[in-house]
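Peer 1: Numbering (mature numbering (1 follows the signal peptide of the UniProt record, and there is no 0)), first residue to last: -17 to -1, 1 to 1011. Don't be surprised by glycine CBs; every beta carbon is placed ideally from N, CA and C. Here it is, the structure in full.
Listed below in structure tokens is the structure:
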């Protein structure tokens, strides 16, 4: 069953626009897998306003005959046309007698492929349909022979039953040795004849006499190849044209298998049989040269071109050869060669010709049925084919499940009577056939003028006058068109830069002209008087039509511009700028500049700027001392990593590969003795690398103007860079000395070291790190651990440091460790003044005897820097990274950048030390022991820089001293008793001595008293005598 559907499944991809509408007006599909679309024709009778679509389906089935093949005819004047089935007049087996061999003949109708090829005589409306696979049987009482003979049928286009062409097979020689399997009617063609010339059908029989033949109706014998090749298949494709003379119709036949390359012959039909006048040979083995043929006048020189398809050229890309017709009757190399665009596309498998746009140049239509789902290319004819055919005018592709779209192509015929031929395309593998209509084509000419022809600088408007001329190339109708007027779109010197005009109807005369006036108003402030104002008028055709009753209806087949492009016209209107008779202004613009601090406006001394310091600005002064400078522009190019904090209203920025260009429009015009000052606020945040010390930043200012500029128009402003930064590293212990009673030696003692980095100067110091070396092990004994997670504080934020070797004990693990605290009984977490003595406070639950050595964080080894401590005395033990048998761990704190002046960062480390692990038995056995514990720190830069930062690498040492205090010794009882007895003995001996000396006698005492008394009386008398 044949289904008739109107669908829009195609898409047109114009490479430059053409007039075949991409949406099919009619699309048909057969659901019986009959190879519907294997062949296809269009026919029209203009005098009767009738047109038909004819589609071959060579594998169609009938109930009475197995796959005889059918042809379907559709009346295109009916909106829902039901197909008329065309078939041979007799569907049953036909009989005849071949007297030349005295055998009966039986014509079988099953599997005959009726409709595999067909053609129509356009003048007589005679339709010929061939069935090239029709089998005949020759038989007698004793013999029987079978042959795939092939037959053709003809009849009027209005008939649905066709008569057998060669009733008695009179044109076939059954007496020949190779009479069998000619496959007659494999190709068939009616030529397009000129008035007064004959129109004889030509058919191809590619296996007749093994090599193939073509037969021109009316002649008695077929035309055979003079070259013998059983694979030639002469007659595979046939065509006709006026190749040498407009009055001489010639025929063409191809043998695509000849010599494995292919061969084409042009045959003169005026002789009987026809003779070969010209030959063409293929160029590549296997290309199937002559797989398709067509003839038409592509360059409108009055002679037809012979067009030969080679669909297997390349990797089955396909190729089309075009040989131009000429009066010399000779052909050498192809004048134009078209190659397929895709491997396996079989470009050139089908060919057709027709003047689709009615410009008097025939257009070439090429099928590539295996490119994707199938593609049809259209090449627009022109007087210069080589340049015109470099690219297709239109590419029509299918987006539905249709396959082998473009397998068959009908010769274009005007079926909708709009004056332009339409196209029919078949896709047999998916059983599709479809009709694509042509849009009418009109040649237009647009003329644009302005009133006035030039403008004063104080003008406020002007008038654009547009005249449109149309020349019709097809039938007459009332159509619409649109005008788009673009005025000064880039510089915007008019208030409305785009205007639209729509003309709904214009006369259907063959040629007509319509004019319009449109006012353009200028803006109040115009900066550019040098460039003229460009005006472009674009003419396009509208998508609606005015019908006879005056109403407007939309149309999909409205006219289009010839060659498919919109017509446009460009003009300019200029300004009178008043710079002499030649209208050329000569200017002299000088450029000066200076740098200033943005905060206070102070000028940079010697143009020197400290990296990382305050932002600056550049002040540029421009002065003109000659004629006005129109469209003057300053272009300031900033050095890399330099930007603007803000931009002036008259300026704009452009960035190219990180380089900023500032483009500023100056006064327009910049007149004589007029200065223009521009201040650029520079953002120097990205210029922060101290390694730039000693280099410079170059700012380049360039002035351009549409006037003629005298002198230099470029000035360079350098800024010299200097770096200024230094670092100091301070280290402090929370208590420098600790008196440590001997009984505490078995306990773990906690203390702190604090490190602070201070930066001075504006230049940032990047990628610094603080490195601390801490003794933690002597021989195989670990005596020290860090009891807090090392964190460094930078600008108020804390970052974790990395440790290597030295153990770290988490807070929850050392909560019971003894603390060394200051006199105020509080932990020391800030830098403080040193005190000479601190007290030890015992924690009541303290029982830790050795360090907990879990959760140790490691880092890559870093070579330690060792500094020798003071020479130890007999009781002094120095523990540092240079001490014998002492191993040190490393704490590394990465600091991203130290930026501002007086920027600082600090690190606090809490230690827990086991004196007994450090000193072993030596601490208990020796008196008056002193331990000096020293950590070392310095600042380094991770990435080398080429400028010196003071303070990098200087080592700071922090020392904590532990002094052993010996307790009082216990005295034995016997010593005490002995001492008492000895004291009593000594006292006894002293008393005995005194007695021996008479110390204890009373007489002596009394004598002494008497002497003292006597002396006292004598003193009293002496005093009395004196008074008197």
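In whole angstroms, what separates the C-alpha of residue 845 from that of residue 616?
Peer 2: Bear in mind that a pLDDT of 30 at residue 845, under 50, signals an unreliable position, so the number given afterwards is only what the model happens to contain. If I take the Cα positions, the gap works out to 59 Å.
Peer 1: Using the Cβ count rule (16 or more neighbours within 10 Å means buried), how would you classify residue 65?
Peer 2: Residue 65 should be labelled exposed.
Peer 1: Opposite residue 703 in the DSSP bridges: which residues?
Peer 2: 591 and 679
Peer 1: Extract the residue ranges of the alpha helix (DSSP H) inside the stretch 285 to 351, only unbroken runs of 4 or more that lie entirely within it.
Peer 2: Here the runs fully enclosed are 296 to 299.
Peer 1: Give the secondary structure of residue 945 by DSSP, where H, G and I count as helix, E and B as strand, and everything else as coil.
Peer 2: Strand at residue 945.
Peer 1: Of the residues 765, 381, 692 and 289, which one's Cα is nearest the Cα of residue 614?
Peer 2: 692
Peer 1: Quick test of the definition: if touching needs 3 or more C-beta pairs under 8 Å, does the stretch 242 to 252 touch the stretch 135 to 146?
Peer 2: With the rule of 3 Cβ pairs closer than 8 Å, the stretch 242 to 252 does not count as touching the stretch 135 to 146.
Peer 1: Short of 7 Å in beta carbon distance, which residues of its chain neighbour residue 519, apart from the five on each side in sequence? Order them along the chain.
Peer 2: Here the set comprises 469, 551 and 553.
Peer 1: Per DSSP, residue 607 forms a beta bridge with which residues?
Peer 2: Paired residues: 572 and 657.
Peer 1: Going by Cα to Cα distance, which pick from 604, 607 and 597 is closest to residue 628?
Peer 2: Residue 597 is the option with its Cα nearest to residue 628.
Peer 1: Just tell me which of 495, 497, 542 and 475 has its CA closest to the CA of residue 514.
Peer 2: 475
Peer 1: If the criterion is Cβ atoms closer than 8 Å, does the pair residue 521 and residue 454 meet it?
Peer 2: no
Peer 1: According to the neighbour-count rule (16 or more other Cβ atoms, all chains shown, within 10 Å of its Cβ), is residue 974 buried or exposed?
Peer 2: Burial is judged here by how many other beta carbons sit within 10 angstroms of a residue's own beta carbon; residue 974 has fewer than 16 and is exposed.
Peer 1: In chain order, what residues of the same chain have a beta carbon less than 7 Å from the beta carbon of residue 56, not counting five sequence neighbours either side?
Peer 2: 35, 37, 66, 67 and 69
Peer 1: Where do the ends of the beta strand (DSSP E) carrying residue 403 lie?
Peer 2: Here residue 403 belongs to no beta strand (DSSP E), and DSSP marks it neither H nor E.
Peer 1: Quick one: what does DSSP say residue 896 is sitting in, helix, strand or coil?
Peer 2: Look at residue 896 here: in three-state DSSP terms it is strand.
Peer 1: Whole beta strand (DSSP E) runs in the stretch 217 to 274 with 3 or more residues, listed along the chain?
Peer 2: If you keep only unbroken beta strand (DSSP E) runs of at least 3 residues inside the stretch 217 to 274, you get 221 to 224, 233 to 238, 246 to 251 and 258 to 264.
Peer 1: Pair every Cβ in the stretch 325 to 345 with every Cβ in the stretch 382 to 398, then say whether three or more of these pairs are closer than 8 Å.
Peer 2: yes
Peer 1: So is residue 204 buried or exposed if we call it buried at 16+ other beta carbons inside 10 Å?
Peer 2: exposed
Peer 1: Assign residue 630 to one of three DSSP states: helix, strand, or coil.
Peer 2: coil
Peer 1: Once you ignore the five residues that flank residue 444 on each side, which residues in its own chain have a CB closer than 8 Å to its CB?
Peer 2: Excluding sequence neighbours, residue 444 sits near 502, 503, 504 and 505.
Peer 1: To the nearest angstrom, how far is the alpha carbon of residue 980 from that of residue 971?
Peer 2: Each residue's Cα considered, the two are about 15 Å apart.
Peer 1: Tell me whether the stretch 312 to 328 and the stretch 336 to 343 touch, counting them as touching only if at least three CB pairs, one residue from each stretch, are closer than 8 Å.
Peer 2: no
Peer 1: Using DSSP with H/G/I as helix, E/B as strand and the rest coil, what is residue 386?
Peer 2: For residue 386, the three-state secondary structure derived from DSSP is coil.
Peer 1: Using only CA atoms, which one of 228, 191 and 227 lies nearest to residue 211?
Peer 2: Distances from the alpha-carbon of residue 211 to those of 228, 191 and 227 put 191 closest.
Peer 1: Is the beta carbon of residue 72 closer than 8 Å to that of residue 88?
Peer 2: In this structure, residue 72 does not lie closer than 8 Å to residue 88 by Cβ.
Peer 1: Measure the alpha-carbon distance for residue 777 versus residue 712 and round it to whole angstroms.
Peer 2: 14 Å
Peer 1: For residue 918, tell me which candidate among 888, 715 and 450 has the shortest Cα-Cα distance.
Peer 2: Checking every option, the nearest Cα to that of residue 918 belongs to 715.
Peer 1: Which one of 623, 619 and 641 has the shortest CA to CA distance from residue 635?
Peer 2: 619
Peer 1: With distance defined between alpha-carbon atoms, name the residue in 314, 485, 117 and 300 nearest to residue 327.
Peer 2: 300
Peer 1: What separation, rounded to the nearest whole angstrom, lies between the Cα atoms of residue 921 and residue 753?
Peer 2: 6 Å
Peer 1: Alpha carbon to alpha carbon, what distance is there between residue 888 and residue 826?
Peer 2: Reliability of the predicted coordinates at residue 826 is poor, the pLDDT of 31 falling under 50, and the value obtained from them is presented with this limitation in mind. Taking the straight line joining both Cα atoms gives about 33 Å.
Peer 1: Taking the CB atoms as reference points, tell me whether residue 267 and residue 244 lie closer together than 8 Å.
Peer 2: Yes, these two residues count as a Cβ contact at 8 Å.
Peer 1: Under the DSSP definition of a beta bridge, which residues are partnered with residue 921?
Peer 2: Here residue 921 is bridged, per DSSP, to 754.
Peer 1: Among the residues of its own chain, which have a CB less than 6 Å from the CB of residue 261, if the five just before and after it don't count?
Peer 2: If we look at residue 261 and ignore the five residues flanking it on each side, its Cβ neighbours are 249 and 314.
Peer 1: Under 8 Å between the Cβ atoms of residue 19 and residue 81?
Peer 2: no
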